[in-house]
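Residue 118 is where the sequence shown starts when you use the numbering used here, and the numbers rise one by one after that. Where is the CB? At the ideal position from N, CA and C, for every residue including glycine. First up is the structure itself, then whatever we jot down about it.
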Amino acid sequence: MYLGKVMVVFGTRPEAIKMAPVIKELEKIDNIRTVVAVTAQHRDMLDQVLHLFQIIPDYDLDLMKKQQDLYSITTGVLNGLREILEKERPDLVLVHGDTTTTFVAALAAFYEKIPVGHVEAGLRTHNKYSPFPEEMNRSLTARLAELHFAPTDTARENLLMESVAAFKIWVTGNTVIDALLDTVHPDYQFPPDFPALDFKHRLLLVTTHRRENWGNKMRDIYEALIELADEFKDIEVVFPVHKNPIVKDVAMEMLGNRERFHLIEPLDYEPFANLMKNSYLILTDSGGLQEEAPSLGKPVLVLRDTTERPEAVKAGTVKLVGTNRQAIVKEARLLLSSQAEYEKMAFAINPYGDGKASQRIVKVISEFLYVRSSGMKN
Ligand code: UD1
Ligand code: UDP
């Protein structure tokens with residue numbers, strides 16, 4: 118029996134990584150038709166993931182502009198999806214996380230009275246400006262969604278506190294663990310064109326991109342890295358720099374020509390995930406890395422003032438250090454100089470899932486579509 122059509126919409130690198138396992142799982146179900154629409158809010162960084170997971174979108178809005186802002190992404194996604202939704206009339210629109218694509222795709226589906234499933238629902242800092250605009254994007258998406266796929270019990274609790282009905286929430290684990298477990302291999306060989314890192318050195322893996330860190334905070338972070346590299350001669354800093362010129366220009370200016378700094382283009386997910394596995398310590402303001410690194414047993418210093426991912430902090434593998442130069446140096450120095458302190462943080466835990474999140478999500482979607490196509494009320 119044909120169950121219906123699911124349209125999966127996403128636009129950026131992390132959404133693509135975390136939706137890829139869901140798409141693969143959906144495609145295994147013969148009686149569901151899966152349509153993939155990308156907004157391409159990111160272009161190259163999105164294409165890297167599409168290529169790796171061999172996803173060929175049915176629709177591509179090709180939105181990205183070099184100097185895009187929140188207004189242009191919002192209107193571009195809204196206007197772009199209108200025609201696609203009107204033509205395809207899916208039975209469910211599936212969105213992920215907290216980007217502007219996420220929220221606006223959910224809004225467009227709402228305008229068409231199409232139910233929305235939200236993957237990675239319920240993450241909260243409870244501070245509407247941090248991270249900006251993600252906290253508001255995911256909160257507003259929750260208001261619009263019918264199905265809430267919460268990665269953890271904490272996320273479920275957050276949704277319940279906002280009066281989302283318990284029967285609309287499923288705790289599934291985070292699909293990033295599905296992607297990660299598929300991608301990290303003990304015998305992985307880095308490609309021949311991989312930067313010449315000295316794997317005998319301790320690798321500090323760094324990523325930064327958060328809007329609320331743009332400007333002086335980002336400069337403070339980079340100053341801290343310089344200080345650490347001066348103090349510890351056995352470390353190499355590997356920094357795949359986000360494509361955003363607001364990040365890239367400052368990073369290149371401050372760190373570009375320094376010894377033992379490798380500023381490289383964003384890596385494909387496979388080398389990146391395996392590089393995480395081979396790192397000593399991770400410093401990042403990314404959301405996804407806070408979920409991946411704990412399962413690889415790598416300590417993470419989070420270069421932000423808030424986190425919506427308290428589980429690994431509670432477990433002890435992730436520390437929220439903020440963006441103050443001295444605070445970053447102090448915490449990193451501790452982990453670089455004390456084996457005991459390092460070992461306290463470097464153990465593999467997996468509060469974010471067991472690699473089966475996508476299966477659980479697709480099971481719920483199948484049931485939802487079944488009830489809907491049988492004419493029963495969801
Ligand atoms: C976006 C999301 C953020 C998510 C992040 C993941 C919003 C508002 N922000 O932030 O939630 O955590 O993606 O990385 O939804 N660029 C390229 N090539 C690319 C990607 C980006 O050149 O493949 C450059 C472009 O100049 C673009 C700029 O980066 O204008 C900013 O991209 P944008 O998606 O607006 O913001 P991010 O900071 O990437
Ligand atoms: N990532 C990648 N290549 C890189 C840097 C990051 O594939 O050079 C992956 C990383 O493993 C994680 C995701 O991209 O799964 C995180 O993306 P980002 O930090 O841009 O977004 P966030 O998670 O903060 O929304």
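Local Cβ density within 10 Å of residue i, reported as buried at 16 or more and exposed below that
i: I410; result: Sequence check: residue 410 is Ala here, not Ile. So A410 counts as buried.
i: L420; result: buried
i: N291; result: buried
i: H243; result: exposed
i: F378; result: buried
i: H168; result: exposed
i: K350; result: exposed
i: G404; result: buried
i: Q158; result: buried
i: D315; result: exposed
i: H302; result: exposed
i: G414; result: exposed
Enclosing beta strand (DSSP E) for residue i [first to last residue]
i: T401; result: 398–401
i: K436; result: 435–437
i: A267; result: 264–267
i: V288; result: 286–288
i: E353; result: 352–357
Expected contact under 8 angstroms - CB spacing of residue i and residue j to nearest Å
i: I482; j: G193; result: Going by Cβ atoms, the distance from I482 to G193 rounds to 27 angstroms, so no, they are not a contact pair.
i: D304; j: L486; result: So it is not a contact: roughly 40 angstroms between Cβ atoms.
i: D366; j: R442; result: So it is not a contact: roughly 20 angstroms between Cβ atoms.
i: P383; j: K360; result: 6 angstroms
i: G239; j: A272; result: 3 angstroms
i: T216; j: R477; result: T216 to R477, Cβ: 23 angstroms. No contact.
i: V236; j: A222; result: With a Cβ gap of about 12 angstroms, V236 and A222 do not count as contacting.
i: V155; j: L187; result: Wrong, their Cβ atoms sit about 19 angstroms apart, outside the cutoff.
Bridge partner(s) assigned by DSSP for residue i
i: T510; result: Coverage of the chain is limited to positions 118 through 495, which leaves residue 510 absent and any answer about it impossible.
i: H213; result: V236
i: I381; result: P357
Terminal residues of the alpha helix (DSSP H) in which residue i lies
i: K431; result: 427–432
i: R273; result: 270–278
i: R319; result: Careful: R319 lies outside any alpha helix (DSSP H), inside the beta strand (DSSP E) at 319–324.
i: P416; result: Premise fails: P416 is in no alpha helix (DSSP H) and is neither H nor E.
i: L453; result: 442–454
i: F307; result: F307 -> no alpha helix (DSSP H), and no H or E assigned at all.
i: E376; result: Segment: none, E376 is in no alpha helix (DSSP H) and carries neither H nor E.
i: P138; result: 130–144
i: N391; result: 386–394
DSSP-derived helix/strand/coil call for residue i
i: E344; result: helix
i: I363; result: helix
i: I201; result: helix
i: G193; result: helix
i: D337; result: helix
i: Y459; result: helix
i: Y176; result: strand
i: L314; result: coil
i: I482; result: helix
i: Q476; result: helix
i: I410; result: Correcting the residue type first, residue 410 is Ala in the shown sequence and not Ile. Residue state, collapsed to three classes: helix.
i: H159; result: coil
i: Q165; result: helix
beta-carbon residue i near the ligand GDP non-hydrogen atom, thresh 8 angstroms
i: V435; result: This structure does not include the ligand GDP; its bound ligands are the ligand UD1 and the ligand UDP.
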